[in-house]
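Engineer: This is the structure I have questions about; it appears just below.
Chains as they are written, first to last, in this note's numbering: chain A, 159 to 606; chain B, 751 to 1108.
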């Protein structure tokens, strides 16, 4: 049998392991994610779960699970899927009473066990086994309830953590569970749809309006890669951009080069940024450095302005607190034909007014509002069901395609016609246009 | 031309999506000697050349127009001509995010089907990633092969005609992500595990419509050492925008009141004119004939004034109708596509002394 005829061109540029000094995300026994810095020689503190030395994880692949086996040190641990450890059972809960006295260990005894566990004297599995053993109702539980009990205790007492690989999904999970309003409550399925609708690829040149502290920007950049043809221009308010989530995205320097920033106050094409370049030879050291700093800022802004005004961008994505129509009016002239425009909002109302604006404007084809729905299931032998709680709303997307009203009109923003919202069903021409079309030289008027 | 790589101007040989409406889009390959024809009339390919993508093009007689669109994987999913059971945007996008399909990734897909997802994968992993795609149906394999060539993505994809359940994938240490769309995915898990590059985190997704398939797949995944087994369902629904009348109940009351008043006035007018016409007649016995007659007059009085003005409820004025933007979900939408089962394969244990299995 023939093996693979072709081999990949170039292996993935993403580092496979934890580098010294890198920001990494730890999944703790509680299931919570915590960002930490892997500085060689430094202690990494996981609070009540204990601490370990950064060197214990540096140089090792992402995805590995570790156990804090003694005070301040961790070692890799092999884990099994929950599916493999749970068995089907016939036991019922008829003997189980809701009894707070079921635990025979006293609070103090448990505290002492916890302390010795943190000191590495007692294995956390032994601790949990001891608690189960002293729980009067444990033996009466079904296998499944037992597993649930142990899982619950593990999330409190275990010292097992995982170094999460910094994929978009994992980063999103961290931000969403920590403070979802900071990322405008965008859910991963909606974020993923946004990327697909936007046709993000290594060659994309995209305009990004991101008020999600960089969540959308991180997502776009992860799909852009390091290809020099790709480019992202992020619009921001005020003097400097605030995309602090980018810090956790392991973007290589080459990916960062693809990113341009421009303040909203700099987008007016009649007001290009000015700079008075002086001879620095006579300047004091302090003045010279200040001058160079200002010059660097000027060059950065100028590059972003030039790129924006050049136009023919491959798409526009908006996830902003500002009225989407107002943003479209400013930026759509710079979007090329047949390119996608995607607007995210956690509420439907802003998208409704924007969709109405789009429907009465010939620059947009098929504006469509979609709502996303996502449900996770527990899959276990004989116990498969949707999770008992789910995220209630994933937000809404409005997508449309940028088109040109007529071949003559290329990237000029036309005046919106706000009279009616009825779409033109027949697509019939006004008399004036009809005449123009007929007089034009059109070959092949009969079917060949 | 690369399928997904946006360009501005239409050229000979380009794949153009001719768009009549949302539900009526046709892919054509531009050939200067051909004329495309639809219900609006003729559209000469020769005239498309040099036009901007996204332009509106009128038919030869001006009876209608189309938009000339650039093909993207998302558009292709909507118009793919030889559809098998294909994946749609919510599933495609979610799987792509979970499997972290970014430039440079090496991916395995089985089966190819109509190639809908393959186009999307190729777009996401280009320019330096690679897709190994497997299809056991010979005809589908041939169509997909020709299509990948035509769409300029063949360099990114190694397509094989192969029965993987019988012969396996014959790949080792090759990929970081695996996507299985098979009737019995559990039989492919062992070979899929082989295909993973064991130096990095590997992720697998299995796409199955039935819950029984999911359970067997999860068992196989657990047996083969996969962890973090999670299962999701994703859907989207459209909200159609319309401008709908949204009048107040006060406007309805006012209109009814004015009708009541007009009717009362008409009755008064009739009553005032009735004795004059009949003089002072004595009350007669109530014959059936007369009752009928009076009823007819009363009915008339209900709907018109004596001088013939209409007394029915007037329609609400435009101002009263108060047209308002509203959204409404479609009557029907996709309720289920498939369950998406994900699992992680952590990098192989290394040999350093601290790596201890517990």
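Glycine included, C-beta positions come from ideal geometry on N, C-alpha and C. If you're wondering where the values come from, they're calculated on a predicted model, not measured in any experiment.
Could you confirm whether any beta carbon from chain A is found closer than 7 angstroms to the beta carbon of residue 1027 (chain B)?
Structural biologist: Interpretation of residue 1027 (chain B) is limited by its pLDDT of 49, a score under 50 that renders its predicted location unreliable; no figure is taken from the coordinates.
Engineer: Could you tell me which residues DSSP puts in a beta bridge with residue 543 (chain A)?
Structural biologist: According to DSSP, which records beta bridges pairwise, residue 543 (chain A) is partnered with A:536.
Engineer: Do you know how far the Cα of residue 292 (chain A) is from the Cα of residue 259 (chain A)?
Structural biologist: Each residue's alpha carbon lies about 11 angstroms from the other.
Engineer: Between the stretch 349 to 371 of chain A and chain B, which residues of the former have a C-beta closer than 9 angstroms to a C-beta of the latter?
Structural biologist: For the stretch 349 to 371 of chain A, which is checked against every Cβ of chain B, the residues closer than 9 angstroms are 349, 350, 351, 352, 353, 354, 355, 357, 358, 359, 360, 361, 362, 363.
Engineer: Quick one: does residue 837 (chain B) have its CB under 7 angstroms from some CB of chain A?
Structural biologist: Cβ-Cβ to chain A under 7 angstroms: no for residue 837 (chain B).
Engineer: Within a Cβ cutoff of 7 angstroms, which residues of the same chain sit near residue 472 (chain A), ignoring the five residues on either side of it in sequence?
Structural biologist: Once the five neighbours on either side are set aside, the close Cβ partners of residue 472 (chain A) are 362, 363, 364, 494, 497.
Engineer: Under 8 angstroms Cβ to Cβ from residue 1071 (chain B), same chain only, skipping five residues before and after it: list those, please.
Structural biologist: The answer, listed in chain order, is 995, 996, 997.
Engineer: From the beta carbon of residue 848 (chain B), is the nearest beta carbon of chain A less than 7 angstroms away?
Structural biologist: Yes, because at least one Cβ of chain A sits closer than 7 angstroms to the Cβ of residue 848 (chain B).
Engineer: Looking only at its own chain, which residues have a Cβ that is under 6 angstroms from the Cβ of residue 274 (chain A), when we skip the five neighbours before and after it?
Structural biologist: Same-chain partners within the cutoff: 280.
Engineer: Just mark residue 532 (chain A) as buried or exposed, buried being the case when its beta carbon has 16 or more other beta carbons within 10 Å.
Structural biologist: Residue 532 (chain A) should be labelled buried.
Engineer: In this structure, what does DSSP give as the bridge partners for residue 775 (chain B)?
Structural biologist: Bridge partners of residue 775 (chain B): B:769.
Engineer: Which residue spans inside the stretch 417 to 471 of chain A form an unbroken beta strand (DSSP E) run of at least 3?
Structural biologist: Taking only runs of at least 3 residues, the beta strand (DSSP E) segments lying wholly in the stretch 417 to 471 of chain A are 417 to 421.
Engineer: Compare the beta carbon distance of residue 439 (chain A) and residue 449 (chain A) with 7 angstroms and say whether it is the shorter of the two.
Structural biologist: Not a contact, by the Cβ cut-off of 7 angstroms.
Engineer: I'd like to know if residue 242 (chain A) contacts chain B, where contact means its C-beta is closer than 7 angstroms to some C-beta of that chain.
Structural biologist: It does: the Cβ of residue 242 (chain A) has a partner Cβ on chain B nearer than 7 angstroms.
Engineer: Going along the chain, which residues of its own chain have a beta-carbon closer than 7 angstroms to the beta-carbon of residue 1096 (chain B), five neighbours each way excluded?
Structural biologist: If we look at residue 1096 (chain B) and ignore the five residues flanking it on each side, its Cβ neighbours are 951, 977.
Engineer: Got a sec? Which residues, its chain only, sit under 6 angstroms from residue 624 (chain A) by beta carbon, not counting five neighbours each side?
Structural biologist: This structure cannot settle anything about residue 624 (chain A), because the visible part of chain A is limited to 159 through 606.
Engineer: Can you check which of these residues, B:866, B:930, B:851, is closest to residue 879 (chain B) by C-alpha distance?
Structural biologist: Residue B:851 is the option with its Cα nearest to residue 879 (chain B).
Engineer: Just checking: is the beta-carbon of residue 1009 (chain B) within a distance shorter than 7 angstroms of some beta-carbon in chain A?
Structural biologist: Residue 1009 (chain B) does not count as touching chain A.
Engineer: Using a cut-off of 7 angstroms between C-beta atoms, extract the partners of residue 842 (chain B) located in chain A.
Structural biologist: Those within 7 angstroms of residue 842 (chain B) in chain A are 354.
Engineer: Report the neighbours of residue 513 (chain A) on chain B: residues whose CB is nearer than 7 angstroms to its CB, in chain order.
Structural biologist: Residues of chain B passing the Cβ test: 991.
Engineer: By how many angstroms is the C-alpha of residue 359 (chain A) removed from the C-alpha of residue 419 (chain A)?
Structural biologist: C-alpha separation (whole angstroms): 20 angstroms.
Engineer: For chain B, find out if any of its Cβ atoms is closer than 7 angstroms to the Cβ of residue 219 (chain A); answer yes or no.
Structural biologist: At least one chain B Cβ lies under 7 angstroms of residue 219 (chain A).
Engineer: Say whether chain B places a C-beta atom closer than 7 angstroms to the C-beta of residue 522 (chain A).
Structural biologist: So, not an interface residue.
Engineer: Considering only the beta carbon of each residue, do residue 378 (chain A) and residue 366 (chain A) sit closer than 7 angstroms?
Structural biologist: Closer than 7 angstroms, so yes.
Engineer: Report the residue ranges of all alpha helix (DSSP H) runs contained in full by the stretch 373 to 408 of chain A; include only those spanning at least 4 residues, in chain order.
Structural biologist: 373 to 382, all fully within the stretch 373 to 408 of chain A.
Engineer: What does residue 1022 (chain B) reach in chain A if we use C-beta pairs closer than 7 angstroms?
Structural biologist: Going along chain A, no residue has its Cβ under 7 angstroms from residue 1022 (chain B), so there is no contact; the nearest lies around 48 angstroms.
Engineer: Just checking: is the beta-carbon of residue 758 (chain B) within a distance shorter than 7 angstroms of some beta-carbon in chain A?
Structural biologist: Chain A contact via Cβ: present.
Engineer: To which residues of the same chain is residue 190 (chain A) closer than 8 angstroms at the C-beta, ignoring the five residues directly before and after it?
Structural biologist: Counting only Cβ-Cβ distances below 8 angstroms, and skipping sequence neighbours, we find 335.
Engineer: Mark residue 330 (chain A) as exposed unless 16 or more other C-beta atoms lie within 10 angstroms of its C-beta, in which case mark it buried.
Structural biologist: Buried is the call here.
Engineer: In whole angstroms, give me the CA-to-CA distance for residue 914 (chain B) and residue 933 (chain B).
Structural biologist: Going from the Cα of residue 914 (chain B) to the Cα of residue 933 (chain B) covers about 12 angstroms.
Engineer: Can you tell me the Cα-Cα spacing of residue 843 (chain B) and residue 808 (chain B), whole angstroms?
Structural biologist: Straight-line Cα distance between these residues: approximately 35 angstroms.
Engineer: Could you check whether residue 407 (chain A) and residue 500 (chain A) sit closer than 7 angstroms to each other, using their CB atoms as the reference points?
Structural biologist: It is not a contact, given that the beta carbons lie outside the stated cut-off.
Engineer: For the stretch 883 to 902 of chain B, list every residue whose C-beta sits within 9 angstroms of some C-beta in chain A, in sequence order.
Structural biologist: Here the close residues number zero.
Engineer: Does the Cβ-Cβ distance between residue 210 (chain A) and residue 321 (chain A) come in under 7 angstroms?
Structural biologist: Not a contact, by the Cβ cut-off of 7 angstroms.
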